[in-house]
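Novice:
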Amino acid sequence: MASGSHKLRSLASHHHQFVCSRTHQIGALFLVAATFFFTRLFDHSVVPCSSSVDQVQRSLNLVHGGPYSWPVRGYGSQLSLKIYVYNVEEIDGLNVLMYGREGKITENACLKGQWGTQVKIHKFFLQSRYRTEKKEEADLFFVPSYVKCVRMMGGLNDKEINQTYVKVLSQMPYFRLSGGRNHIFVFPSGAGAHLFKSWATYINRSIILTPEGDRTDKRDISAFNTWKDIIIPGNIDDGMTKTGAPAIPPLPLSKRKYLANYLGRAQGKVGRLQLIQLAKQFPDKLECPDLKFSGTAKLGRKEYFEHLRSAKFCLAPRGESSWTLRFYESYFVECVPVILSDQVELPFQNVIDYSQISIKWPSSRIGAELLQYLESIPDEDIEAIIARGRQVRCLWVYASDLAPCSAMRGIMWELQRKVRQFHQSAETFWLHNGSIVNRNLVEFSKWDLPVPLP
Ligand SMILES: *[C@@H]1O[C@H](CO)[C@@H](O)[C@H](O)[C@H]1NC(C)=O
Ligand SMILES: *[C@@H]1O[C@H](CO)[C@@H](O)[C@H](O)[C@H]1NC(C)=O
Ligand SMILES: *[C@@H]1O[C@H](CO)[C@@H](O)[C@H](O)[C@H]1NC(C)=O
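Note that the sequence shown ends on residue 454 in UniProt numbering; no numbers are left out.
1. Which residue marks the beginning of the beta strand (DSSP E) containing V336, and which one marks its end?
2. Alpha carbon to alpha carbon, what distance is there between V344 and P362?
3. How would you call P233, buried or exposed, if buried means at least 16 neighbouring beta carbons within 10 angstroms?
4. Measuring alpha carbon to alpha carbon, tell me which residue in W227, L195, Y84, D158 is nearest M172.
5. Around ligand 3, which residues pass a check of Cβ closer than 7 Å to any of its heavy atoms?
6. Run the CB neighbour count on V392, radius 10 Å, all protein chains shown included, and call it buried at 16 or more, exposed below.
7. Helix, strand or coil: how does DSSP classify E287 here?
8. Given the structure, does V166 come close to ligand 1, in the sense that its CB is under 7 Å from one of the ligand's heavy atoms?
9. Would you call N440 buried or exposed, if buried means 16 or more other Cβ atoms sit within 10 Å of its Cβ?
10. What are the partner residues of Y258, as DSSP defines its beta bridges?
11. Does DSSP classify L449 as helix, strand or coil?
12. Nearest to G100 by CA position, among A109, G154, K135, W227, is which residue?
13. Should F187 be labelled buried (16 or more other beta-carbon atoms within 10 Å of its own) or exposed?
14. If you measure from the CB of S198, is any heavy atom of ligand 1 nearer than 7 Å?
15. Return the bridge partner residues of W430 from the DSSP annotation.
16. Out of curiosity, what's the CA-to-CA distance linking A138 and R417?
17. Quick check on the DSSP output: the alpha helix (DSSP H) that includes I276 runs from which residue to which?
18. Is any non-hydrogen atom of ligand 4 found closer than 7 Å to the C-beta of N157, if you look at the structure I gave you?
19. Taking the Cβ atom as the reference point for each residue, do L275 and P317 lie within a distance shorter than 8 Å?
20. Under 7 Å: does the beta carbon of N162 sit that close to some heavy atom of ligand 1?
21. Who are L209's beta bridge partners in DSSP?
22. Give the range of the alpha helix (DSSP H) segment to which Y165 is assigned.
23. Tell me the start and end of each unbroken alpha helix (DSSP H) in the stretch 313-380 that is at least 4 residues and wholly inside, in chain order.
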């Protein structure tokens, strides 16, 4: 952090104490003004100091906060970090992880669909104002790979993916220096880092960006670690996230035909099967159409969103894994998401209070009781949840970190908190004069490739 920012920070905390000690007397009105003032002045929000202030503050942030703000504590008062993005030409194997073994998979093909984040995030890092071309000054290192898409399109198999990752990492002395702790990887699907079979050996200390918190299906261990990894939003269809004129605009509540809907395949999952049964019992309340997600009668994106917007509540049950794209999509048709996935992890929990913008219902209680409960919620409460969601949804949009509010900006704030002054691995040593050496006392600048991996 630049030393100039120190002054700003102490100024902010001085005012912030003033705000807290007077809050009870002066009341919410002052807080509105103060929040407005400070968010604009410092590009972060005032850190609340008591829990009642906390609650007021939280709802104010949602309603009046405008561009979403990260708290000072633990993040710094401004974004100031340097990220090095590995070059395709510099590391043998990166091109394979990006375009497949024959180089035939295109970037454009990998940009679409729910896993497009692996490409989008790379592109935004390349354009980022926080990018550095100098490894020596980098706080963090980004390792590009479009491997989820490449694997889906037959460009690589699991064995090749694993071997290529290992080969790639062994060409990165900075990876070895930190034991991978300052290296960033994106794994955009439910499998998370499991896409790289030997992830636990090689990148279990690295920063992983993934929509998936828990991989309970098919695997016995989760690759997600709440302290070092970052949950990212799924990739919503670009046409829906455009400001101004989304492809399918939301309907007024009074125009919605159904109380709730669930759009998706059953995939043999208990929760989803229960919803399909429930829809047969209450066809006028719960829409659960038999939609075709593949083949010639495949549902178009337009029709999908037209269905999605026709209910007040969008049910989001777990599928193969706990995260679900439907949760994020529902904010763009202004349908209240009801999470039916107990293990779900949600992005940016340090700044978003999800109880204000969604409902989470136990997946073990899917049944008529759920519909009765949803029916009991007055329209004005639904409108309030939707209004708060409208303030926050910019954080699900993959746009540049220059935008006042975007998924990339959120990711940058979360990455900033991961920056360390010093890194070590079990195979890193240092001498009295600051020289970093390996076990053979060879200085860092002279380490030979391939470096043995930690
Ligand atoms: C992944 O590749 C490394 C290096 O080739 C190898 O040692 C390891 O056994 C592989 N892991 C799996 C699960 O095949
Ligand atoms: C990470 O991998 C190392 C090397 O295989 C292992 O010793 C360690 O237990 C792993 N840590 C975690 C958190 O899985
Ligand atoms: C630090 O000390 C070691 C051992 O004396 C020496 O080999 C190395 O060149 C020194 N490094 C610097 C940067 O002076």
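Heads up, the beta-carbon is just placed ideally off N, CA and C, and yes, glycines get one too.
Specialist: With the structure as the only source:
1. Residue 336 sits at position 336 when you count from the first residue of the sequence shown. Unbroken beta strand (DSSP E) run through V336: 336-340.
2. Looking up residue 362 in the sequence shown gives position 362. Looking up residue 344 in the sequence shown gives position 344. Approximately 11 Å between the Cα atoms of the pair.
3. Taking the first residue of the sequence shown as position 1, residue 233 is located at position 233. That one is buried.
4. Numbered from 1 along the sequence shown, position 172 holds the residue referred to as residue 172. The option with the nearest alpha carbon to M172 is Y84.
5. Result (chain order): L431, H432, N433, G434, S435, E443.
6. What you label residue 392 is simply residue 392 of the sequence shown in a count that begins at 1. Counting Cβ neighbours within 10 Å, V392 comes out buried, since at least 16 surround it.
7. Here residue 287 refers to the residue found at position 287 when the sequence shown is read from its first residue. In this structure, E287 counts as strand in the three-state DSSP scheme.
8. Here residue 166 is taken as the residue at index 166 of the sequence shown, counted from 1. Yes, the Cβ of V166 comes within 7 Å of a heavy atom of ligand 1.
9. Within the sequence shown, numbered from 1, the residue matching residue 440 stands at position 440. The residue is exposed, with fewer than 16 neighbouring Cβ atoms inside 10 Å.
10. Stepping through the sequence shown from its first residue, residue 258 is reached at position 258. DSSP lists A311 as the bridge partner or partners of Y258.
11. Working through the sequence shown from its first residue, we reach residue 449 at position 449. L449 falls in the coil class under three-state DSSP.
12. Taking the sequence shown and counting its residues from 1, the one referred to as residue 100 is at position 100. For G100, the nearest C-alpha among the options comes from G154.
13. The residue you call residue 187 lines up with position 187 of the sequence shown. F187 should be labelled buried.
14. Position 198 of the sequence shown, counted from the start, is the residue given in the question as residue 198. Yes, since a heavy atom of ligand 1 falls inside the 7 Å radius drawn around the Cβ of S198.
15. Numbered from its first residue, the sequence shown carries residue 430 at position 430. The partner list for W430 (beta bridge, DSSP) reads I436.
16. Sequence index remark: in the sequence shown, residue 138 carries index 138 (1-based). Sequence index remark: in the sequence shown, residue 417 carries index 417 (1-based). Their Cα atoms are separated by approximately 15 Å.
17. The sequence position of residue 276 within the sequence shown is 276, counting from 1. Its alpha helix (DSSP H) spans residues 270-281.
18. Ligand 4 is not part of the structure shown, which contains ligand 1, ligand 2 and ligand 3 as its ligands.
19. Within the sequence shown, numbered from 1, the residue matching residue 275 stands at position 275. Within the sequence shown, numbered from 1, the residue matching residue 317 stands at position 317. Yes, these two residues count as a Cβ contact at 8 Å.
20. If you number the sequence shown from 1, residue 162 lands on position 162. Yes, the Cβ of N162 comes within 7 Å of a heavy atom of ligand 1.
21. Counted from its first residue, the sequence shown places residue 209 at position 209. Paired residues: V186, I230.
22. To locate residue 165, count along the sequence shown from 1; it is residue 165. Per DSSP, Y165 belongs to the alpha helix (DSSP H) from 158-169.
23. Within the stretch 313-380, the complete alpha helix (DSSP H) runs of at least 4 residues fall at 325-330, 368-375.
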